[in-house]
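A short worksheet on the structure shown next.
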Amino acid sequence: MTTEEQTVNSTPDDDTPIGRVGFGLFEPATRANPYPVYHRLREQAPIYHSPAGIHIFSRYADAAAILCDPRFGYSEPRAPLGRALLTEHDRTGLLRDDHGKSVSSFLTRNPPDHNRLRRFVAPSFTPRAVARLAPRITAITDALLDTALASREVDLVESFAYALPFTVICELLDIPAADHTMVQHWSHTMARGLDPEFLVPPQRVEQRVRAVLETAAYFHELSAQRRAHPGSDLLSELATIEDNGDALTAPELLSTCLLLLVAGHESTASLIASGVLALLDHPDQLARLRAEPGLAAAAVEEVLRYDPPPQLVFRATLTDLTIGESFLPAGTMAMVLLGAANRDPAEFPDPDRLDLTRATQRHLAFSQGIHFCLGAPLARLQATIALRRLLERTTTVALNGQPRWKPNVALRGLEALPITLR
Ligand code: HEM
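Each residue of the sequence shown is one higher than the one before, counting from 869 in the numbering used here.
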């Protein structure tokens, strides 16, 4: 066996789900800083055939190549329990097609379905379309900062980092304010469920499935109202859109809404909060950004590299293939560690240093290839405005307690960031 393909690295009797992944990956103790484990993995077994049966890729070059390789894609079932529970609980068939098959969003579809579905939404998220939102995003940011500055001691996640993108996506879809708390609860539950199924207790998988179905039922009703009385919001547009005689079917519309809701704010919230923490951990970079607010966009890019919210994505081989010395038969599961690729010294010199002047967008925080994040322009705009206004409106941003990380491994983020603002 080559060092590239180690199979066992946990103690032989370690049969916990985490033990089955090996290398100490995803241990709760490394939640605050998983990067030393990623370095060890990349150095010792960059193509790691884990005891869980998954091939794990941690080098930048392999990760980027896989994400752009059409021989990798989605083949079900990646999450057999979730899929089975969804079929069992979806009694009214909200998320099933005419043949009774569960419909997933285009995030987990291969061409040609992927392109067909992404095309309906793409025009709303171009840099130009998104730039029109800048004044409103700035106004929401300033209103949140007014409140935060008035109380001085805040949890920056709740009061700012999360509140901003959540408000923005709710406004885009025109979700009534009275429903925000309920929608937020569903979204958190769905985001937690993005972790690999074998790491998640079955009751959490079940909670996720219930949240998916409740949110789908909610959007089903809301889209019926919008079809009857269309407004200028994105949900009205998707509910009524026609593209050369093609339209979204009812379950396709719902799966798209679920994707936009969760993807549209959970990772942006993590980015803003992790960005502030990364700057507090690097006072020289924070001082530099205060002195040169024009560096805000570059700072966002560097935080995306340094501590990306999505730490990993899954793919499956759609055909037999060989990478390096590893043979991967069709149907092999591959885990691409975006967080590890972004700290690969072969691509980013001195990768553990936050350096706002790196001036590169080559990181993999938004993935690559056909699934490259559709919301990247919106995420970049929101995070840039958030960081810039936070520093322009304050003279002091200081930690006043212990930051707390969410238990999630796939979508990494802070649960709480206690901050004093002046
Ligand atoms: C910091 C913020 C964000 C990050 C780091 C991020 C990251 C990602 C990543 C890594 C993927 C691809 C997953 C894969 O390759 O399997 C993705 C896909 C996607 N993201 Fe984002 N995202 C962010 C914000 C947003 C926002 C604001 C929206 C929309 C409102 C959004 C919408 C989407 C959609 C629709 C996809 C699916 C694209 C496809 O499969 O073609 N994201 N995002």
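All C-beta atoms, glycine included, are put in the ideal place defined by N, C-alpha and C. Since this is a predicted model, take the numbers as computed values, not measurements.
Taking the Cα positions, F940 is about 24 Å away from L1172. DSSP places E1021 in no alpha helix (DSSP H) but in the uninterrupted beta strand (DSSP E) bounded by E1021 to D1023. Around L949, the same chain offers E1065, P1070 and V1073 as residues with beta carbons nearer than 8 Å, after the five sequence neighbours per side are excluded.
Not one heavy atom of the ligand HEM sits closer than 8 Å to the Cβ of F1028. Residue pairing by DSSP places H923 opposite H917 and A1202 in a beta bridge.
Judged by DSSP secondary structure, R1183 falls within the beta strand (DSSP E) whose first and last residues are L1180 to T1185. If the five residues before and after S1135 are omitted, its C-beta is found closer than 8 Å to the C-beta atoms of P1177, P1178, A1247, L1279 and G1281, all from its own chain and listed in chain order. By the neighbour-count definition (other C-beta atoms within 10 Å, threshold 16), E1089 is an exposed residue. Under a 10 Å Cβ-count criterion, T1263 is classified as exposed, with fewer than 16 other Cβ atoms of the shown protein chains found around its own Cβ. Per DSSP, the continuous alpha helix (DSSP H) segment holding T1035 begins and ends at A1031 to L1041. Under the three-state reduction of DSSP, L949 is assigned to helix. Of the other Cβ atoms in all chains shown, 16 or more fall within 10 Å of the Cβ of F1034; this residue is therefore buried.
Nearest C-alpha to P1271 among Q1093, F1182 and I1287: I1287. Here the alpha carbons of D1063 and I922 stand approximately 14 Å from one another.
Taking the Cβ atoms as the reference, A1029 lies roughly 28 Å from A947, outside the contact range of under 8 Å. Inter-segment contact for the region 890-908 and the region 1201-1214 is present: three or more beta-carbon pairs are separated by less than 8 Å.
Relative to the ligand HEM, the beta carbon of F1240 is positioned inside 8 Å of a heavy atom. DSSP places V1265 within a strand segment (E or B) once states are collapsed to three. Its Cα nearest to that of L954, the residue E1082 stands out among A1167, F894, D1042 and E1082.
As a beta-bridge residue in DSSP terms, G941 pairs with A1184. For A1284, the enclosing beta strand (DSSP E) begins and ends at L1282 to A1284.
Closest in C-alpha terms to L1163, from the list A1011, R1256 and T1015, comes R1256.
Non-local beta-carbon contacts of G1237 in its own chain, meaning distances under 8 Å to residues more than five positions away in sequence, involve L935, C936 and D937 in chain order. Looking from the CA of A1254, the closest CA among H1056, A1031, T994 and G892 belongs to A1031.
Across the structure, D1010 and S992 are spaced so that their CA atoms are roughly 24 Å apart.
Here E1193 is exposed. Its C-beta has fewer than 16 other C-beta atoms within 10 Å.
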